[in-house]
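Everything in the sequence shown is counted per my numbering, starting at 445 for the first residue and increasing by one.
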Amino acid sequence: VMLPARMDSLAAGAFLACAFRDPLLWQRVLRARATVIIVASIVLVAIVAKKHTIANQDPLEQLLAFPALVGLASVVIVSAVSTTGWLTSAWLRFIGKISYGMYVWHVIVIRFISGFLPLPESETARQLWADYAILAVGGVAATIVVAMLSWYLIEQPILRLKRFVPYN
445 VMLPARMDSL AAGAFLACAF RDPLLWQRVL RARATVIIVA SIVLVAIVAK
495 KHTIANQDPL EQLLAFPALV GLASVVIVSA VSTTGWLTSA WLRFIGKISY
545 GMYVWHVIVI RFISGFLPLP ESETARQLWA DYAILAVGGV AATIVVAMLS
595 WYLIEQPILR LKRFVPYN
């Protein structure tokens, strides 16, 4: 997706960063979490009830579902920042370290997996959801492995070259 189509995500992140620096605005953001959850959930449930899916290329989803998901993600971020502890866990810090590699490699990993392991013809909707869940978990796990390899074999060696570049 081209950048202009996903400005809602970037704008939400920029807004949260600015709001965090203003105590009054931050309090308003904290109070708005429940409303955002309710509105975003209604939008997503309505789309799934009407279409029985969320198709990422459908105009309705582009216009309504993605911003609703951005809203829910924003609530998670605001809630995480407002509490102490779990954001400093070693696991999340590690994911943060390799997150750029996850971003870079995830589409390639997904296409590789779906090319070699297509979904079987499922008998029931329940089995189809189970198949998707297995592929999703496998895709995330494979993406993490590829991102780890990328971090240790590509990114770290390049980052070590910074010592040769003077900066002031």
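Where a beta carbon is used, it is the ideal one built from N, C-alpha and C, also for glycine.
Note that the structure is a prediction, hence the values are computed from the model and not measured.
At which residue ranges does the segment 528–610 contain complete alpha helix (DSSP H) runs of 4 or more residues, listed in the order of the chain?
Entirely contained in the segment 528–610, the alpha helix (DSSP H) runs reaching 4 residues are, in chain order, 534–560, 569–594 and 600–604.
Using the Cα positions of residue 397 and residue 502, report the straight-line distance between them to the nearest angstrom.
Residue 397 lies beyond the range of the chain shown here (445 to 612); nothing can be said about it.
Quick one: any contact between the segment 543–559 and the segment 511–522, if contact means 3 or more CB pairs under 8 Å?
The segment 543–559 vs the segment 511–522: no contact.
Where does residue 532 land, buried or exposed, given buried means 16+ other C-beta within 10 angstroms?
With fewer than 16 Cβ atoms within 10 Å of its Cβ, residue 532 is classed as exposed.
Could you tell me how far apart the beta carbons of residue 522 and residue 477 are, in whole angstroms, since I believe they sit closer than 8 Å?
Right, their Cβ atoms sit about 6 Å apart.
Secondary structure at residue 479, three-state DSSP: helix, strand or coil?
Helix at residue 479.
Can you give the Cα-Cα distance for residue 595 and residue 536, rounded to whole angstroms?
Straight-line Cα distance between these residues: approximately 15 Å.
Which term fits residue 479, buried or exposed, when burial requires 16 or more other beta carbons within 10 angstroms of its beta carbon?
The residue is exposed, with fewer than 16 neighbouring Cβ atoms inside 10 Å.
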